[in-house]
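If you want the numbering used here, it's the position in the sequence shown, counting the first as 1, plus 25.
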Amino acid sequence: MIDFFVITAVQRWIAGDKHDKVAHLTFRDLLTAFAAAVEANDGEGLALLFTEDGTYEDGFFGAHTGRPAIAAMLQRFHDTGRDYFWEFLDPVSDGSIGYARFRFSYASRLPESAGRLVFFESISCFQFRDGLIAHYREAFDRGLALVQLDFPAERIKRVLQRAAAAQNGVPDAPRHLDRFSAG
Numbered sequence: 026m027i028d029f030f031v032i033t034a035v036q037r038w039i040a041g042d043k044h045d046k047v048a049h050l051t052f053r054d055l056l057t058a059f060a061a062a063v064e065a066n067d068g069e070g071l072a073l074l075f076t077e078d079g080t081y082e083d084g085f086f087g088a089h090t091g092r093p094a095i096a097a098m099l100q101r102f103h104d105t106g107r108d109y110f111w112e113f114l115d116p117v118s119d120g121s122i123g124y125a126r127f128r129f130s131y132a133s134r135l136p137e138s139a140g141r142l143v144f145f146e147s148i149s150c151f152q153f154r155d156g157l158i159a160h161y162r163e164a165f166d167r168g169l170a171l172v173q174l175d176f177p178a179e180r181i182k183r184v185l186q187r188a189a190a191a192q193n194g195v196p197d198a199p200r201h202l203d204r205f206s207a208g
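#1: Examine the ligand MN and report whether any of its heavy atoms sits within less than 8 Å of the Cβ of Arg-200.
#2: Could you check whether Gly-106 and Leu-135 sit closer than 9 Å to each other, using their CB atoms as the reference points?
#3: Please say whether Ser-147 and Glu-137 have beta carbons closer to each other than 9 Å?
#4: Hey, Leu-55 and Ile-158: beta-carbon distance below 9 Å or not?
#5: Sort Gly-91, Tyr-131, Met-98 and His-89 by Cα distance to Glu-112 and report the nearest one.
#6: Considering only residues of the segment 74–150, which uninterrupted beta strand (DSSP E) runs meet the minimum length of 3 residues and lie entirely inside it, listed in chain order?
#7: Should Asn-12 and Leu-99 be called a contact, given that it needs their Cβ atoms to be closer than 9 Å?
#8: Does DSSP put Phe-176 in a helix, a strand or coil?
#9: Pick out whichever of Ala-190, Asp-108, Gln-152 and Val-63 has its Cα sitting closest to the Cα of Thr-76.
#10: Identify the continuous beta strand (DSSP E) that holds Leu-157 and give its terminal residues.
#11: Measuring straight from C-alpha to C-alpha, what distance separates Asp-175 and Asp-83?
#12: Buried or exposed, going by whether 16 or more other CB atoms sit within 10 Å of the CB of Val-195?
#13: Among the residues of its own chain, which have a CB less than 6 Å from the CB of Cys-150, if the five just before and after it don't count?
#14: Which whole-angstrom value is the C-beta distance of Phe-110 and Glu-64, which I expect to be below 8 Å?
#15: For Ala-72, count neighbouring Cβ atoms within 10 angstroms of its own Cβ and tell me buried if that reaches 16, exposed if not.
#16: What does the alpha-carbon distance come out to for the pair His-103 and Ala-62?
#17: Quick one: what's Phe-153 bridged to in DSSP?
Quick look at the structure:
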């Protein structure tokens, strides 16, 4: 019975005026609305889950800040893939930060891998401000997705090298990496 009410509340949010209702969603409801917006290519609906200056940090498409950029990124998702299915599992949140495992699948629209199916599991991190997403990021094995697209090894290597450089370029990375050059 609880699931029925959760789905109904989210369906009302998806169909109705999203502006007044977003900050009142529970974390579980927000995850359902997030996945539904991605699956339906509802860029406005996805963007309204974020603060005006919110950032969606995607594992393939990079960081997009601001609602218009987030909506445009979602369109890019749908330009390069179809039939998205996003399933969040084991959500936990204290109201300021939330985590959830997820399963994600789609069929590619990329010319070199059209129709290829991609499935991977991951974890999401949501940072909230005033009940909205201020920052979203995910951690997943890009290599698993790229090999399912049948990308050539050199292309996969370039993508993963860029990801490693970005990861190793964050402010906290030297604390971990510089200790090896000390001696």
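C-beta atoms are modelled at their ideal positions from N, C-alpha and C, and glycine is treated no differently.
Reading from the atomic positions:
#1: Within the structure as shown, the ligand MN is missing, as the structure has no ligands at all.
#2: Here Leu-135 is near Gly-106, since their CB atoms are less than 9 Å apart.
#3: Not a contact, by the Cβ cut-off of 9 Å.
#4: At a Cβ-Cβ threshold of 9 Å, Leu-55 and Ile-158 count as neighbours.
#5: Residue Tyr-131 is the option with its Cα nearest to Glu-112.
#6: Whole beta strand (DSSP E) segments, 3+ residues: 75–83, 87–90, 106–118 and 122–133.
#7: The displayed coordinates of the chain run from 26 to 208. Any statement about residue 12 would go beyond what the structure contains.
#8: In the three-state scheme derived from DSSP, where H, G and I count as helix and E and B as strand, Phe-176 is classed as coil.
#9: The residue with the shortest Cα to Cα distance from Thr-76 is Gln-152.
#10: First-last of the beta strand (DSSP E) with Leu-157: 157–164.
#11: Approximately 21 Å, taken between the alpha carbons.
#12: Exposed, by the Cβ-count rule.
#13: Cβ neighbours of Cys-150 within its own chain (closer than 6 Å, five residues either side excluded): Tyr-124 and Arg-162.
#14: A Cβ-Cβ separation of about 7 Å places Phe-110 in contact with Glu-64 under the 8 Å criterion.
#15: By the neighbour-count rule (16 or more Cβ atoms within 10 Å), Ala-72 is buried.
#16: Taking the straight line from one Cα to the other gives about 12 Å.
#17: In the DSSP output, where bridge partners are listed per residue, Phe-153 has Ile-158.
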